[in-house]
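Visitor: In this text, residue positions in the sequence shown follow my numbering: the first is 19, and each later residue adds one.
Glycine included, C-beta positions come from ideal geometry on N, C-alpha and C.
Here it is: the structure, laid out below.
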Amino acid sequence: MAFGFSPKHIQEISLENLSHEQFLIIALETAKKLDWNVGLISENGFIAYTKFSMSSFSEEVKVKIIDRTAIMKSECTGSQMADWGKNKENITKFITSFNENRNVYSEEELAQKYEELKPSYVSKEEDILNQAPPTTKEKLTGFLSIFKPTQGYFITPILINLNIAIFILMAVRGVNIFLPDNESLISWGANFRPVTLEGEWWRLFTCCFLHIGIFHLLMNMYALLYIGLLLEPHLGKTRFLTTYLLTGIAASVTSLWWHDLTISAGASGAIFGMYGVFLAMLTTNLIEKSARKALLTSIAIFVGYNLLNGLKGGIDNAAHIGGLISGIIIGYSFVPSLKENENLKLKYTLIAILSAVILFTSTLVYKNITPYEFTKYDARMKEFVAWESMALEMFKMPEDTPNEKYLHEIKTRSLYYWNENIKLVKEVDILNLPSPVHERNKKLLKYCEFRVESCNLIYKAIEENTQNYRTQIEDINKQIETIINELTGNK
């Protein structure tokens, strides 16, 4: 089983008594027999893609003939960490089938097939099998190379390093690395509508670099690494960085618009944006034709799975969708400049226009989201707590307190402040607040009403010097305790 980034298996095959041309024809016929999708064909070999199945996202198989040896490499096109032996199995199947085909064709038939095949060869300039520089994936020779900027892989490691550095800094400052609390996330710049709309718009940007625990960080960084290796060589440094930032902001604004009280953090919105860009590019001729279908299947499955997984709850799918849609728009917008890569004026003009459009749209949405009246609500809730404390002082009175003093305390203070809190809750409930807060207000109102009812029964019990109300008082106290537990989240 191959394990690592883009798992692969490589094996050399001797041509033995076959000529270069004969081996190539038999190898191509073998690939067709295995039902592989043959893309690029050159005089040096070919590239084929296995079919998508439940056990595979499709593998890219390269066969390159050098002197008297054919080098065969099967590599995963998807984002899986392990291939479960699929790449080795591809090569084993190929060799078995190739040996079966060796004696099927005569030398004359092989020569004729070779001549018929010649017109379909790509030119030497287009033959990626013959290109000396390795692909960006192949440049990652070890774990540490993931974090080192290189040609064609420059912005991706910087973004990965920045996300990790911020996470480490949070951990050093005492934030829980497995499940950070809400207060920590907000203090470090998470996106939260009640706070973001209070003028702290910069959270739309900072939340793209925060993560809710180490597992959240690792999953996002792996997804960023994968799409970065595929996409950055095509976009270049400026377009890639611009895309990350713009789709990240678009994702944050979508989350802000959609959610009332969700604390949003993570690079996944921006990462979905990058996948959106690549999906757009895969529907054009910017990507080599033979690779398009396999990559499109792999990327589409990754995006679809994660969007469906986000429906389970606890995941900010709004940010994912916002990032993906903005990424697709950006991807198609980049096409003209990518086709004329040397035209720097066109490149930077498109970047400037896209930046202006997305930032303007984001600002428009931000300004038109009606902020909740949390400032007023919080101020009134402080009054509620103060009055509740004064209403409960009757329970702190000494046991030998005269009954007359108890009755006076209940009538002039406890009942007064519980009734004042009932008025207060009714007043704050007309403020512009999210539905969960209105539900909380209903419980607070019920809580105060039970307190009033309890005080009245206690007053009667003391005044009449009787135990007849004891059961009623106990029942009400149980209901009060239930509401308190619901409000505080305790079971």
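Return the Cβ separation of H277 and R211 in integer angstroms, given the expectation that the two are a contact with Cβ distance under 8 angstroms.
Guide: Here residue 277 is taken as the residue at index 259 of the sequence shown, counted from 1. Here residue 211 is taken as the residue at index 193 of the sequence shown, counted from 1. Confirmed, Cβ separation roughly 6 angstroms.
Visitor: Could you please give the first and the last residue of the uninterrupted alpha helix (DSSP H) stretch that includes N459?
Guide: If you number the sequence shown from 1, residue 459 lands on position 441. Segment S453 to E482, the alpha helix (DSSP H) holding N459.
Visitor: For S138, which residues from the same chain have a beta carbon less than 8 angstroms from its beta carbon, with the 5 sequence-adjacent residues on both sides left out?
Guide: Along the sequence shown, read from residue 1 onward, the residue named residue 138 stands at position 120. Same-chain partners within the cutoff: I59.
Visitor: Sort out for me which residues DSSP pairs Q29 with in a bridge.
Guide: On the sequence shown, residue 29 is found 11 positions in, with the first residue counted as 1. Per DSSP, M90.
Visitor: Are L462 and L505 close, meaning C-beta to C-beta below 9 angstroms?
Guide: As a working mapping, residue 462 is identified with position 444 in the sequence shown. As a working mapping, residue 505 is identified with position 487 in the sequence shown. It is a contact, given that the beta carbons lie within the stated cut-off.
Visitor: DSSP state of E144, grouped into three classes?
Guide: Counting from one through the sequence shown, the residue named residue 144 turns up at place 126. Three-state result, E144: coil.
Visitor: Rounded to whole angstroms, how far is the Cβ of N459 from the Cβ of V446, which I believe are closer than 8 angstroms?
Guide: Locating residue 459 in the sequence shown gives position 441, where the first residue counts as 1. Locating residue 446 in the sequence shown gives position 428, where the first residue counts as 1. Rounded, the Cβ-Cβ distance is 7 angstroms, consistent with contact.
Visitor: Counting pairs of Cβ atoms below 8 angstroms between the stretch 280-299 and the stretch 249-260, do you hit three or more?
Guide: A contact exists between the stretch 280-299 and the stretch 249-260.
Visitor: Can you tell me where the alpha helix (DSSP H) with N55 in it begins and where it stops?
Guide: Against the sequence shown, residue 55 aligns to sequence position 37. Run containing N55: none in the alpha helix (DSSP H); it sits in the beta strand (DSSP E), N55 to S60.
Visitor: Give the C-beta separation of E78 and K104 to the nearest angstrom, bearing in mind that I take them to be a contact with Cβ-Cβ under 8 angstroms.
Guide: The residue labelled residue 78 in the question sits at position 60 within the sequence shown. The residue labelled residue 104 in the question sits at position 86 within the sequence shown. With 8 angstroms as the limit, E78 and K104 do not qualify as a contact, their Cβ atoms being about 12 angstroms apart.
Visitor: In this structure, how does DSSP classify F427 when only helix, strand and coil are distinguished?
Guide: Indexing the sequence shown from 1 puts residue 427 at position 409. Per the sequence presented here, residue 427 reads as Glu, with Phe not at that position. Here E427 sits in helix by DSSP.
Visitor: Would you mind sorting D199 into buried or exposed? The rule is 16 or more other CB atoms within 10 Å of its CB.
Guide: Within the sequence shown, residue 199 is the residue found at index 181, counting from 1. By the neighbour-count rule (16 or more Cβ atoms within 10 Å), D199 is not buried but exposed.
Visitor: Which same chain residues, not among the five before or five after S286, have their C-beta less than 7 angstroms away from its C-beta?
Guide: As a first step, residue 286 is located in the sequence shown; it is residue number 268 there, counting from the start. Result list for S286: N238, A337 and H338, in chain order.
Visitor: Residues bridged to G63 by DSSP?
Guide: Indexing the sequence shown from 1 puts residue 63 at position 45. According to DSSP, G63 bridges with S60 and K82.
Visitor: Can you list, in chain order, the residues of its chain with a C-beta nearer than 6 angstroms to that of C226? Leave out the 5 residues immediately preceding and following it.
Guide: Residue numbering aside, residue 226 sits at position 208 when the sequence shown is read from its first letter. Here the set comprises G266, A285 and A288.
Visitor: Please report the straight-line C-alpha distance between P420 and M408, rounded to a whole angstrom.
Guide: Residue 420 sits at position 402 when you count from the first residue of the sequence shown. Residue 408 sits at position 390 when you count from the first residue of the sequence shown. Taking the straight line joining both Cα atoms gives about 19 angstroms.
Visitor: Tell me the residue span of the alpha helix (DSSP H) that contains W436.
Guide: Counting from one through the sequence shown, the residue named residue 436 turns up at place 418. Segment L433 to V446, the alpha helix (DSSP H) holding W436.
Visitor: State the start and end residues of the unbroken alpha helix (DSSP H) segment that holds V122.
Guide: Against the sequence shown, residue 122 aligns to sequence position 104. Counting along the chain, V122 falls outside any alpha helix (DSSP H), and DSSP gives it neither H nor E.
Visitor: Which word fits Y13, buried or exposed, when buried means at least 16 other C-beta atoms lie within 10 angstroms of its C-beta?
Guide: Given that the chain is displayed from residue 19 to residue 509, the structure contains no residue 13 and the question cannot be resolved.
Visitor: Span of the alpha helix (DSSP H) holding A241?
Guide: Position 223 of the sequence shown, counted from the first residue, corresponds to residue 241. I232 to W276 is the span of the alpha helix (DSSP H), which, as asked, contains A241.
Visitor: Alpha carbon to alpha carbon, how far is I448 from T280?
Guide: Taking the sequence shown and counting its residues from 1, the one referred to as residue 448 is at position 430. Taking the sequence shown and counting its residues from 1, the one referred to as residue 280 is at position 262. Cα to Cα, the separation comes out at about 22 angstroms.
Visitor: From T114 to V140, what does the alpha carbon distance come to, in whole angstroms?
Guide: Within the sequence shown, residue 114 is the residue found at index 96, counting from 1. Within the sequence shown, residue 140 is the residue found at index 122, counting from 1. Rounded to whole angstroms, T114 to V140 spans 28 angstroms at the Cα level.
Visitor: CA-CA distance, L36 and L147?
Guide: One-based indexing of the sequence shown puts residue 36 at position 18. One-based indexing of the sequence shown puts residue 147 at position 129. Looking at the two C-alpha atoms, the distance is approximately 21 angstroms.
Visitor: Alpha helix (DSSP H) containing R526: first to last residue?
Guide: Since the displayed the chain opens at 19 and closes at 509, residue 526 lies outside it and no answer follows.
Visitor: For the structure I just gave you, are there three or more beta carbon pairs, one from the stretch 78-90 and one from the stretch 34-53, closer than 8 angstroms?
Guide: The stretch 78-90, when compared against the stretch 34-53, does touch it at the 8 angstroms Cβ threshold.
Visitor: Please work out which residues of its chain come closer than 7 angstroms, Cβ to Cβ, to A397, disregarding the five sequence neighbours upstream and downstream, and give them in chain order.
Guide: One-based indexing of the sequence shown puts residue 397 at position 379. Around A397: no qualifying Cβ.
Visitor: Report the residue from P25, A49, R86 and K50 whose alpha carbon sits nearest the alpha carbon of E39.
Guide: Position 21 of the sequence shown, counting from 1, holds the residue named residue 39. Minimum Cα distance to E39 is reached at R86.
Visitor: Between the alpha carbons of W219 and I502, how many angstroms are there, rounded?
Guide: Reading the sequence shown from its first residue, position 201 is the one you call residue 219. Reading the sequence shown from its first residue, position 484 is the one you call residue 502. The straight-line gap from Cα to Cα measures roughly 35 angstroms.
Visitor: I'd like the list of long-range same chain contacts for L197, defined as Cβ closer than 8 angstroms, with 5 residues on each side in sequence excluded.
Guide: Working through the sequence shown from its first residue, we reach residue 197 at position 179. Answer for L197: I230 and G231, listed in chain order.
Visitor: Here's the rule: buried if 16 or more other CB atoms are within 10 angstroms of the residue's CB, otherwise exposed. What is M415?
Guide: For this step, residue 415 is matched to residue 397 along the sequence shown. So M415 counts as exposed.
Visitor: Enumerate in chain order the residues of its own chain whose CB-to-CB distance from E428 is below 7 angstroms, with the five nearest sequence positions on each side excluded.
Guide: On the sequence shown, position 410 is the one that residue 428 refers to. This sequence places Ile at residue 428; Glu is not what is there. Cβ neighbours of I428 beyond the five flanking positions: M412, C473, I476 and Y477.
Visitor: Taking the straight line between their C-alpha atoms, what separation do you get for I176 and Y395?
Guide: Position 158 of the sequence shown, counted from the first residue, corresponds to residue 176. Position 377 of the sequence shown, counted from the first residue, corresponds to residue 395. Taking the straight line from one Cα to the other gives about 42 angstroms.
Visitor: How big is the Cα-Cα spacing for N495 and G328?
Guide: Translated into the one-based positions of the sequence shown, residue 495 becomes position 477. Translated into the one-based positions of the sequence shown, residue 328 becomes position 310. Rounded to whole angstroms, N495 to G328 spans 41 angstroms at the Cα level.
Visitor: Go ahead and label Y67 buried or exposed: buried means 16 or more other beta carbons lie within 10 angstroms of its beta carbon, across all protein chains shown.
Guide: As a working note, residue 67 is residue 49 in the sequence shown. Buried.
Visitor: Where I84 and N55 are concerned, what is the direct C-alpha to C-alpha distance, given to the nearest angstrom?
Guide: For the purposes of this step, residue 84 is identified with residue 66 of the sequence shown, where counting begins at 1. For the purposes of this step, residue 55 is identified with residue 37 of the sequence shown, where counting begins at 1. Each residue's alpha carbon lies about 23 angstroms from the other.
Visitor: Is K330 buried or exposed, if buried means 16 or more other CB atoms sit within 10 Å of its CB?
Guide: Locating residue 330 in the sequence shown gives position 312, where the first residue counts as 1. So K330 ends up on the exposed side.
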